[in-house]
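This report refers to the structure that appears directly beneath it.
In my numbering, the protein residues as written are -5 to 177.
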């Protein structure tokens, strides 16, 4: 069944998020006001791997959930910025590594029922360390973690960030298998 929109009004807007109330009609339910979150910038994640089967992760604190955990390099594209260039910039700022080859892995809607937030995930290889991270607010440490450790870290709650979990599990469960199969 398809919902019908009869208009929307902005409740709150910023460079980070917009909150709308949408007047929608749902078949068999009727008309309701539905909250919709829109994100003004494209969201990007990356799985950065090396030849030793390690993945580059950032250890960081998230104040909203008051939790520490490992995350993949990620961020937003600035208006008009090419997404591939944006993820290259984010990796360099957050980790101190310059990306070599950048390949699109997947794109997905993170919160389809309430938001337009869409993530594009990349696989990045052939990185070169060029120095320390320039954005020191992003993490407490940057480390190469063996890919074989990712399931254990996730099961222990040390990787609990949704975009990081999605990018890593997609890489481990789908992307590598497709590349191995020659697809």
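Glycine included, each C-beta is placed from N, C-alpha and C at the ideal position. Please read all numbers here as calculations on a predicted model, not as lab measurements.
**Message:** Please report the straight-line C-alpha distance between residue 84 and residue 146, rounded to a whole angstrom.
**Reply:** For residue 84 and residue 146, the distance between alpha carbons rounds to 26 Å.
**Request:** Decide yes or no for the touch test of the stretch 74 to 83 against the stretch 131 to 149: beta carbon pairs closer than 8 Å, at least 3 of them.
**Result:** With the cut-off at 8 Å, the stretch 74 to 83 and the stretch 131 to 149 do not touch.
**Message:** Can you tell me where the alpha helix (DSSP H) holding residue 8 begins and where it ends?
**Reply:** Per DSSP, residue 8 belongs to no alpha helix (DSSP H) and is neither H nor E.
**Message:** Check this for me: beta carbons of residue 108 and residue 31, under 8 Å apart or not?
**Reply:** Yes, Cβ-Cβ distance for residue 108 and residue 31 is below 8 Å.
**Message:** Just to check my reading of the structure: residue 116 and residue 40 have Cβ atoms closer than 8 Å, yes? What is that Cβ distance to the nearest angstrom?
**Reply:** That pair is a contact at about 5 Å.
**Asked** What's the gap between the Cα of residue 140 and the Cα of residue 11?
**Response** Between the alpha carbons of residue 140 and residue 11 lies a gap of roughly 35 Å.
**Asked** Under 8 Å between the Cβ atoms of residue 88 and residue 52?
**Response** Their beta carbons are under 8 Å apart, which means residue 88 touches residue 52 by this criterion.
**Message:** Going by DSSP in three states, residue 101 sits in which element: helix, strand or coil?
**Reply:** Reduced to three states, the DSSP call for residue 101 is strand.
**Contact under 8 Å by Cβ, residue 33 with residue 111** = The Cβ atoms of residue 33 and residue 111 lie closer than 8 Å to each other.
**Prompt:** Between the beta-carbon of residue 148 and the beta-carbon of residue 118, is there less than 8 Å?
**Reply:** Their beta carbons are not under 8 Å apart, which means residue 148 does not touch residue 118 by this criterion.
**Prompt:** Taking residue 4 as the reference, which of 14, -2, -4, -3 has the closest Cα?
**Reply:** The residue with the shortest Cα to Cα distance from residue 4 is 14.
**Prompt:** CB-CB under 8 Å to residue 16, same chain, minus the five flanking residues each way: which ones, in chain order?
**Reply:** For residue 16, the CB contacts under 8 Å within the same chain, skipping 5 residues up- and downstream, are -1, 1, 2, 27, 28, 29, 30 in chain order.
**Runs of alpha helix (DSSP H) wholly within the stretch 104 to 168 (minimum 4 residues, chain order)** = Those alpha helix (DSSP H) runs which fall completely within the stretch 104 to 168 and span 4+ residues are 144 to 149, 156 to 164.
**Asked** By the 10 Å Cβ neighbour count, where 16 or more other Cβ atoms means buried, how is residue 124 classified, buried or exposed?
**Response** The C-beta of residue 124 has fewer than 16 other C-beta atoms within 10 Å across all chains shown, which makes the residue exposed.
**Terminal residues of the beta strand (DSSP E) in which residue 56 lies** = Residue range 48 to 56 is occupied by the beta strand (DSSP E) that includes residue 56.
**Request:** Kindly indicate which three-state DSSP category residue 68 falls into: helix, strand or coil?
**Result:** Strand, per DSSP.
**Asked** Taking DSSP as the reference, what is the three-state secondary structure of residue 16?
**Response** DSSP places residue 16 in strand when its eight states are reduced to three.
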